[in-house]
DNA sequence: AATGAACGTTGCAATCAATGCAACGTCCCT
DNA sequence: AGGGACGTTGCATTGATTGCAACGTTCATT
């Protein structure tokens, strides 16, 4: 809608790939160097980009601070956190909380496993949307046309032999998740890691977030992990109770 | 420099305070509603803001994901992390890593205490710049005029009776930190929490980051915490060795 | 049920801000 | 000393951005 702002914002993901100099930015934007310079200057004034000692630009500190505040404003996170911690204390494995927003699913909270073997994931990182247990629950709740459209649009990378291979399979997964009220990922993202997940609902009954427990094969088998499912679901339901009670029916992350 | 982009970016900190509707945004920007609408639309297209079910805007998921990538690009963080973990395993207390960038100091990594009592802090959050031990080390290394200018510009909130009260006292703190090569915060931010910190240097000898160990009084006294100082300094030096060796003298966060 | 307020949205014409160009400065490498 | 690469600035032109006014909806009030 606004060309100037559009261009300026396009610089950010570009810099997220790594530091870049003025010429590179100008080329990738398809604009004159002087134009890119002025956009970068404006971004700089707002702390969104930083100029390193070698004059190249990279993403700035303000961006990180803003994102931090953004997450702190998610009330579901505040409500859920103590529950996640309690669950973690009880079972020891890694616990995640994720939300869906405009074609992306991302982790907004994480409590680390107390076992020495830890899995890689990061708060704020988009999850592997086609295989993650939490993603299945979040997408399963979308209105049918939107769900279908999204499924068609996605890529289906074969992280492992058990990854969801295509849109049809994915939609089946979603139906299953919706029916049973929980979801799992058994080695679909990383060969040796399994997850079980349960949904958190808002006052309107819609899925507002999803939580999961993940553990590597070496610690517990998939079967053992499924044993924990009732506990995971109960925790999710507790969060649902608190969240759907507290919110004035607005805010659906 | 660019009015349109400037206005658009001004919306973000505004939304960081909490969700806002169109009229509010327009008022606070001092522009017509239609103008605000178009800016918000552009931000929306880039996922920087999200429109909740009640039509109000809040910060979006892409912003969070971008910040995530920004942090992953900080090589000092990658290098330091294992050292922080190891230190934490050895002493159990909370370990932080912080960098300075354009008048802000922020935590870019954290390893949680293994004691039940935990302190509040968050990766990505700007630290209390006038009292935090890490901030003293980072600012102490700035060129004299810049340091002075910044000290004058800062606010000196009295979090506790031991907070740094004014610019003069702060500059003395910085001098002390520079001389002794480490810094502490003894109840200057929260009455019962103490920290000790040590600097990490880049290939050029400048302070590139600072790390700290924090613990509440109830777990260890300030004196006991100071006992750990040699260990903290040694860890920081190890990181310095690895970082200043590895980097091609560019990139100074 | 009707009225009115509040809010978001759209089309339009005027203006002002963004653009690309070209020239300049600086640094670095040959 | 010369050439190349890169960042920076002033300027005239153009076209994107702006505020306005009118419209559409939703929601609360009478």
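Protein chains in written order, with the numbering used here: chain A, 774 to 1026; chain B, 774 to 1026.
A virtual CB, placed ideally from N, CA and C, is assigned to each residue, including glycine.
If you're wondering where the values come from, they're calculated on a predicted model, not measured in any experiment.
Please state whether DSSP places residue i in a helix, a strand or coil.
| i | result |
| --- | --- |
| residue 911 of chain B | helix |
| residue 994 of chain B | coil |
| residue 1013 of chain B | helix |
| residue 867 of chain A | strand |
| residue 881 of chain B | strand |
| residue 896 of chain A | coil |
| residue 940 of chain A | helix |
| residue 966 of chain A | strand |
| residue 804 of chain B | coil |
| residue 821 of chain A | coil |
Looking at the C-beta of residue i, does it have a partner C-beta in chain B at a distance below 8 Å?
| i | result |
| --- | --- |
| residue 939 of chain A | no |
| residue 775 of chain A | yes |
| residue 869 of chain A | no |
| residue 837 of chain A | yes |
| residue 1000 of chain A | no |
| residue 823 of chain A | yes |
| residue 903 of chain A | no |
| residue 785 of chain A | yes |
| residue 895 of chain A | yes |
| residue 815 of chain A | yes |
| residue 1025 of chain A | In this predicted model, residue 1025 of chain A has a pLDDT of only 42, less than 50, meaning its place in the structure is not dependable enough to derive any value. |
| residue 874 of chain A | yes |
| residue 914 of chain A | no |
| residue 866 of chain A | no |
| residue 899 of chain A | yes |
Using C-beta distances below 7 Å, list every residue in its chain close to residue i, excluding the 5 sequence neighbours before and after it, in chain order.
| i | result |
| --- | --- |
| residue 902 of chain A | 878, 908 and 927 |
| residue 824 of chain B | 817 and 830 |
| residue 1013 of chain B | 973 and 974 |
Checking 8 Å against the spacing of the C-beta atoms, do residue i and residue j come in under that value?
| i | j | result |
| --- | --- | --- |
| residue 923 of chain A | residue 876 of chain A | yes |
| residue 955 of chain A | residue 970 of chain A | yes |
| residue 785 of chain B | residue 832 of chain A | no |
| residue 835 of chain B | residue 821 of chain B | yes |
| residue 983 of chain B | residue 871 of chain B | yes |
| residue 866 of chain B | residue 987 of chain B | yes |
Could you tell me whether the Cβ of residue i comes closer than 8 Å to any Cβ of chain A?
| i | result |
| --- | --- |
| residue 778 of chain B | yes |
| residue 879 of chain B | yes |
| residue 918 of chain B | no |
| residue 909 of chain B | no |
| residue 842 of chain B | yes |
| residue 924 of chain B | no |
| residue 861 of chain B | no |
Please identify the residue among the options whose C-alpha is closest to the C-alpha of residue i.
| i | options | result |
| --- | --- | --- |
| residue 777 of chain A | B:811, B:795, B:801 and B:930 | B:811 |
| residue 950 of chain A | A:858, A:809 and A:912 | A:912 |
| residue 848 of chain A | B:898, B:841 and B:791 | B:791 |
| residue 894 of chain A | A:920, A:966, A:851 and A:990 | A:966 |
| residue 974 of chain A | A:852, A:836 and A:837 | A:852 |
| residue 934 of chain B | B:983, B:1010, B:962 and B:858 | B:962 |
| residue 863 of chain A | A:886, A:898 and A:937 | A:886 |
| residue 857 of chain A | A:1017, A:960 and A:1010 | A:1010 |
| residue 898 of chain A | A:774, A:789 and A:1018 | A:789 |
Using a Cβ-Cβ cut-off of 8 Å (strictly less than) and excluding sequence neighbours within five positions of residue i, which residues of its own chain qualify?
| i | result |
| --- | --- |
| residue 1006 of chain A | 954, 955 and 971 |
| residue 947 of chain B | 909, 912, 913, 920 and 924 |
| residue 722 of chain A | What the structure shows of chain A is the stretch from 774 to 1026, and residue 722 of chain A is not part of that stretch, so it cannot be assessed. |
By Cβ distance below 6 Å, which residues in the same chain neighbour residue i in space, the five residues on each side in sequence not counted?
| i | result |
| --- | --- |
| residue 869 of chain B | 880, 883 and 985 |
| residue 860 of chain A | 868 and 1008 |
| residue 808 of chain B | none |
| residue 957 of chain A | 906 and 969 |
| residue 1015 of chain B | 852 |
| residue 936 of chain B | 904 and 961 |
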